[in-house]
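Report on the following structure.
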Amino acid sequence: MKKLLFIALVAICGAFTVNAQTAKFGLKAGYVNISAKEKYQDVSASISESGFYLGALADITMSESFHIQPEVNYANAEETSFLYIPVLAKYYISDSGFQVMAGPQANIVLEEAMEGINNFGLDLTFGVAYDIDEHFFVEARYSFELTNRIKDGGEYDVSGRFNTLFVGIGYKF
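So in my numbering, spot 96 of the sequence shown is number 124, and the numbers just go up one at a time.
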């Protein structure tokens, strides 16, 4: 897991360096709701926990209306900590300050996993944001996990996934 985290940080830092002249950096924080969903054959169950998230981002301008936004976010819900590493494509809707965003996201549980459970997952994230002014913004987005957290669950048709809701505010430098 340490190697994966290191590789993600190097990739994000590389993106910052390559496009430093067209990038804004920022910090963000907010509310997070993490839902764990498990399914065994035709029976499913879910639980939901709320907490907070803190993160850092780079908003890299590709064109006037298209940006790429890599991030690193720490989230804590109840007593479980997660690391989220999304790379979002953002499209600005006219000059209104509204944006739609979507992209892949790595999702890492930072606690020790039980035997047979994967700490790493891959999500599909989408959401909206609004630039209040040149520096402040608000955002809301949802992540659907694409991977199965249960190792060797295929024989018994067992699956487990985390889906996440983020609602927060941020500041770009």
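Note that the Cβ used here is the ideal one computed from N, Cα and C, for glycine as well.
All figures in this text were calculated on a predicted structure; none of them were measured in a lab.
Looking at the backbone, the Cα of E107 and that of E99 are separated by about 23 Å. Residue environment for T50: exposed (fewer than 16 other C-beta atoms within 10 angstroms of its C-beta). In this structure, the CA atom of G188 is about 6 Å from the CA atom of K67. Excluding five sequence positions before and after K52, the CB atoms of its chain that fall closer than 7 Å to its own CB belong to D87, K200, F201, given in chain order. For I197, the enclosing beta strand (DSSP E) starts and ends at 186–200. The way I'd put it, the region 138–152 doesn't touch the region 116–129; fewer than three beta-carbon pairs between them come closer than 8 Å.
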